[in-house]
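Single-structure report; data block below.
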Amino acid sequence: MKLTILASLIAASAAFAPAQQSAKTTSLNAFEDALGSQPPLGFFDPLGLVADGDEEKFDRLRYVEIKHGRICQLAFLGNIITRSGVHLSGNIDYAGNSFDSFPNGLAAVFGPDAIPQAGLA
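Going by our numbering, 126 is the number at position 63 of the sequence shown; the sequence numbering is gapless.
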C-alpha cells in the first residue's frame, strides 16, 4: 500500500516537472540579432524567403523593402500635395494643356476631363 502511494506521488510530481528541451539550431538563428527582430516573435519570416540563411539574399531583400517604402512615401506625399491644390507649372503636352487643367486623383485618369490616353501608354 505504501509503495502504491509513493509511486502515485512520484508520477504526479513528474507531470509538473519542466520537460527537457533540446537546443534547436536552424538557419534562421543567423538573423535573430538583426535590426527589427523583437520579442515575442523574434525574426519574422512567414513566407520563408530567407529560410536558407543566405546573408546576401537577406541584405538584398532588406534594401528592396526600404526602397519600396520610400517610393510609397513619396507617392503619398505627391497625392496629398496635389489634393491640396498645388500643381506643377507648365504644360503637360505640346497642345498647351496645363497640369492644373486636369482633375485630381483617379478622375485624372478615368474621368471626363482625364489626361489624354495617348500620354499614358
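Where a beta carbon is used, it is the ideal one built from N, C-alpha and C, also for glycine.
Per DSSP, the beta bridge partners of S161 are N154. In the three-state reduction of the DSSP assignment, G141 falls in the helix class, which pools H, G and I. One alpha carbon belongs to L137, the other to L110, and they sit about 27 Å apart.
At the C-beta level, G116 and F139 stay beyond 9 Å of one another. DSSP, read as helix, strand or coil, puts G132 in helix.
Less than 9 Å separates the beta-carbon of F165 from that of D176.
By a beta-carbon distance limit of 8 Å, V113 contacts K120. Their separation comes to about 6 Å.
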